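K.L.:
Have a look at this one before I ask anything.
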Amino acid sequence: MDSSNPNVQPPYNKDDMAAGELWNGRLAMIGFVSAIATELLLGQSMLPKVF
6 MDSSNPNVQP PYNKDDMAAG ELWNGRLAMI GFVSAIATEL LLGQSMLPKV F
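Written out as C-alpha coordinates, the structure is:
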(Lines of atoms letter the chains of each structure in order from A and count residues from 1; the text may use other names and numbers.)
(Lines give C-alpha, C1' and ligand atoms only; values in the text may rest on other atoms or scores of the structure.)
Protein backbone atom coordinates (compact mmCIF):
# COMPACT_ATOMS: atom_id res chain seq x y z
CA MET A 1 0.00 0.00 0.00
CA ASP A 2 1.12 3.50 -0.69
CA SER A 3 1.54 5.17 2.69
CA SER A 4 2.18 8.58 1.12
CA ASN A 5 -1.50 8.93 0.13
CA PRO A 6 -3.75 9.05 3.24
CA ASN A 7 -6.94 8.72 1.13
CA VAL A 8 -6.11 5.17 0.04
CA GLN A 9 -8.10 2.60 2.01
CA PRO A 10 -7.35 -1.12 2.26
CA PRO A 11 -9.55 -3.38 0.09
CA TYR A 12 -11.14 -4.96 3.17
CA ASN A 13 -12.24 -4.02 6.65
CA LYS A 14 -10.73 -6.12 9.43
CA ASP A 15 -13.76 -5.61 11.67
CA ASP A 16 -16.09 -6.95 8.97
CA MET A 17 -13.86 -9.97 8.44
CA ALA A 18 -13.76 -10.71 12.18
CA ALA A 19 -17.55 -10.44 12.44
CA GLY A 20 -17.94 -12.75 9.45
CA GLU A 21 -15.64 -15.36 10.98
CA LEU A 22 -17.52 -15.12 14.27
CA TRP A 23 -20.85 -15.84 12.54
CA ASN A 24 -19.26 -18.60 10.47
CA GLY A 25 -18.10 -20.32 13.66
CA ARG A 26 -21.48 -19.92 15.33
CA LEU A 27 -23.33 -21.39 12.36
CA ALA A 28 -20.86 -24.28 12.17
CA MET A 29 -21.48 -25.07 15.84
CA ILE A 30 -25.26 -24.99 15.28
CA GLY A 31 -24.88 -27.32 12.30
CA PHE A 32 -22.72 -29.75 14.25
CA VAL A 33 -25.13 -29.88 17.19
CA SER A 34 -28.06 -30.28 14.78
CA ALA A 35 -26.37 -33.23 13.10
CA ILE A 36 -25.73 -34.93 16.44
CA ALA A 37 -29.34 -34.29 17.56
CA THR A 38 -30.64 -35.75 14.29
CA GLU A 39 -28.52 -38.87 14.78
CA LEU A 40 -29.80 -39.32 18.31
CA LEU A 41 -33.46 -38.74 17.42
CA LEU A 42 -33.52 -40.92 14.29
CA GLY A 43 -31.11 -43.55 15.53
CA GLN A 44 -29.23 -43.48 12.24
CA SER A 45 -25.69 -42.38 11.53
CA MET A 46 -25.21 -39.38 9.25
CA LEU A 47 -21.67 -40.31 8.24
CA PRO A 48 -22.51 -42.99 5.62
CA LYS A 49 -24.99 -40.60 4.02
CA VAL A 50 -22.36 -37.89 3.62
CA PHE A 51 -19.67 -40.06 2.02
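For my numbering, add 5 to where a residue sits in the sequence shown, where the first one is 1. Even for Gly, the Cβ is constructed at its ideal location relative to N, Cα and C. Keep in mind it's a predicted model, so treat the numbers as computed, not measured.
1. Please check the pair Met51 and Ala40, which I expect to be a contact at CB under 8 angstroms, by giving their CB distance rounded to whole angstroms.
2. Identify the continuous alpha helix (DSSP H) that holds Ser39 and give its terminal residues.
3. Straight-line CA distance for Gln14 to Val55?
P.N.:
The answer reads as follows:
1. 5 angstroms
2. Lys19 to Leu47
3. 43 angstroms
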